[in-house]
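In case it helps, this note's numbering puts the sequence shown at residues 375 to 682.
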Amino acid sequence: MTTEREVLLMVHPDREATGEAAREVSARFAKAGIRIRVIEEDVCALINPDEHGAGSRCTVVAADDNPAEGVELVFVLGGDGTLLRAAEVARPAGVPVLGVNLGRVGFLAEADSDALADTVQRVVDGDYQVEERMTIDVTVTHDGEEVARTWALNEASVEKSTRERVLDALIEVDGRPVSAFGCDGVLCATPTGSTAYAFSAGGPIIWPDVQALLVVPSNAHAMFSRPLVVSRDSVITVGIDPDGSSAVLTCDGTRPIDLEPGARVRVTCGKIPVRLVRLWDGPFTDRLVQKFSLPVKSWRERHARPVE
């Protein structure tokens, strides 16, 4: 007995290219006999399946009903923000995520929109690999009581809640204080997140297969405020000064949690990874150069005068 294949399609809602790309994806999957599942009714309306041969193969599921359960993978059309939302949906079901970039850098995406047909065909043929990416588990306590629990694929960001105030933070690693300073915020990132917000804040790039966690102070007023790279087994704690100002915690740029003075944010390696689909065998170095358009020729080579 053959089990019918199904993918969950998630799209960026505001991009002009999304509609055309979503219709093409749904039509190609339908032609291959693969069902399409979506979370929102308007996505079904966007792909308009009856015009493209998908018909009843588009199924709408509720967002709060483990929507990725039972699908082969989550197929994402959008940028990194859309992929991060898809990862939140896919992670509980242990389902891999495949991103097609319709945004700008799209560092997490595996393919660009000009390779859409080939990408769908690789899924149809089952010609892809899956790799696991480290996540972080985040716990917030206040006066010894747990008040929130969440997670992130890229980073947990503790930032001041008002522009006019400085955030007074104490960084601890494995229960021992490292440094206290005033700052705009503190980022705790995974290797995957080292190319995102943490990179913009001055942190190093960590190759995805390196098992480590990253701590990056943001605009710290201190002599010692360098980024820290610690073991994946370490426990990172960001303490908010009890006599200072409040803060806000966000994970992957979403799920904001207000932090009162005296709150403590505990970050550890996540128990559940995120699974990403990989189509190409090239090393991370090539991806880094391509995504950031890095110069790989010397200044002299790039500015050599033509031979007359």
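Don't be surprised by glycine CBs; every beta carbon is placed ideally from N, CA and C. The structure displayed is predicted, hence computed values, not measured ones.
Where DSSP assigns a beta bridge to Asp511, which residues make up the other side? DSSP links Asp511 through a beta bridge to Trp525 and Thr642.
Using the beta-carbon count (16 or more within 10 Å), is Val381 buried or exposed? Buried, since its Cβ has 16 or more Cβ neighbours within 10 Å.
Spatial distance of Ala543 from Arg402 (CA atoms): Roughly 52 Å between the two C-alpha positions.
Decide if Ser605 is buried, meaning its Cβ has at least 16 other Cβ atoms within 10 Å, or exposed. It counts as exposed.
Near Gly427, which residues of its chain fall below 8 Å by C-beta distance, leaving aside the five closest residues on each side in sequence? Residue placement at Gly427 cannot be trusted, given a pLDDT of 48 that sits under 50; the coordinates are not used to answer.
Three-way DSSP call (helix, strand, coil) for Gly444 in this model: DSSP places Gly444 in the coil class of the three-state scheme, outside both helix and strand.
Whose CA, out of Gly452, Gly567 and Asp492, lies closest to the CA of Glu529? Nearest option by C-alpha distance: Gly567.
Under three-state DSSP, which class holds Glu519? Of the three classes helix, strand and coil, the one that applies to Glu519 here is strand, per DSSP.
Whole angstroms are fine: how far does the CA of Ile545 sit from the CA of Ala554? Here the alpha carbon of Ala554 sits roughly 6 Å from the alpha carbon of Ile545.
Give me whichever residues DSSP pairs with Ser553 in a beta bridge. BP columns for Ser553 point to Ile545.
Considering Leu382, what are the terminal residues of the beta strand (DSSP E) in which it resides? For Leu382, the enclosing beta strand (DSSP E) starts and ends at Glu380 to Val385.
Cut-off 8 Å between Cβ atoms - residues of its own chain near Gly407, not counting five sequence neighbours on either side: Annotation for Gly407: Glu378 and Arg379 place their beta carbon closer than 8 Å to its own, counting only its chain and skipping 5 residues before and after.
Look at Leu447 and Val651 and say whether their C-beta atoms are less than 7 Å apart. Their beta carbons are under 7 Å apart, which means Leu447 touches Val651 by this criterion.
Quick one: what does DSSP say Val471 is sitting in, helix, strand or coil? If DSSP states are grouped into helix, strand and coil, Val471 belongs with the strands.
For Thr628, the nearest candidate out of Phe666, Tyr502, Trp525 and Gly453 (CA to CA): For the residues Phe666, Tyr502, Trp525 and Gly453, the minimum Cα distance to Thr628 belongs to Trp525.
Give, in chain order, every unbroken run of the alpha helix (DSSP H) that is at least 4 residues long and sits entirely within the segment 547 to 608. Counting only runs of 4 or more, we get 571 to 574.
Backbone CA spacing between Leu668 and Pro578 [nearest angstrom]: Rounded to the nearest angstrom, the two C-alpha atoms are 15 Å apart.
Arg539, DSSP secondary structure in three states: The answer is coil: DSSP assigns Arg539 none of H, G, I, E or B.
Just reading off the beta strand (DSSP E) that Arg652 is part of, what are its end residues? For Arg652, the enclosing beta strand (DSSP E) starts and ends at Val648 to Arg652.
Between the segment 629 to 645 and the segment 505 to 525, do at least 3 Cβ pairs fall closer than 8 Å? They touch, by the three-pair rule.
Whole-angstrom Cβ separation of Asp511 and Val609, contact assumed at under 8 Å? Asp511 to Val609, Cβ: 10 Å. No contact.
Short of 7 Å in beta carbon distance, which residues of its chain neighbour Arg550, apart from the five on each side in sequence? Order them along the chain. Apart from sequence neighbours up to five positions away, no residue of its chain approaches Arg550 with a beta-carbon distance below 7 Å.
Pick helix, strand or coil for Lys405, following the three-state DSSP scheme. If DSSP states are grouped into helix, strand and coil, Lys405 belongs with the helices.
Could you pull the DSSP bridge partners for Ala485 from this structure? In the DSSP output, where bridge partners are listed per residue, Ala485 has Val474.
Judging by CA-CA distance, which residue of Gly576, Met508, Asp615 and Val504 is the nearest neighbour of Asp607? Comparing Cα positions, the closest option is Met508.
Is it buried or exposed for Gly500, if we count other Cβ within 10 angstroms and need 16 for buried? Here Gly500 is exposed. Its C-beta has fewer than 16 other C-beta atoms within 10 Å.
In terms of alpha-carbon separation, which member of Asn440, Ala483, Gly644 and Leu476 lies closest to Ala586? Out of Asn440, Ala483, Gly644 and Leu476, Gly644 has the C-alpha closest to the C-alpha of Ala586.
Short Cβ contact (7 Å threshold) for Val474 with Ala442: It is not a contact, given that the beta carbons lie outside the stated cut-off.
Spell out the partners DSSP gives Leu343 in its beta bridges. The question about residue 343 has no answer, for the chain in this structure spans 375 to 682.
For Thr564, count neighbouring C-beta atoms within 10 Å of its own C-beta (all shown protein chains included) and say buried if the count is 16 or more, exposed if not. Under a 10 Å Cβ-count criterion, Thr564 is classified as buried, with 16 or more other Cβ atoms of the shown protein chains found around its own Cβ.
Which of helix, strand or coil does DSSP assign to Lys671? Of the three classes helix, strand and coil, the one that applies to Lys671 here is coil, per DSSP.
Near Ile421, which residues of its chain fall below 6 Å by C-beta distance, leaving aside the five closest residues on each side in sequence? Ala396, Arg397 and Ser400.
Contact set for Asp615: own chain, Cβ-Cβ below 6 Å, skip 5 residues either direction: Asp542.
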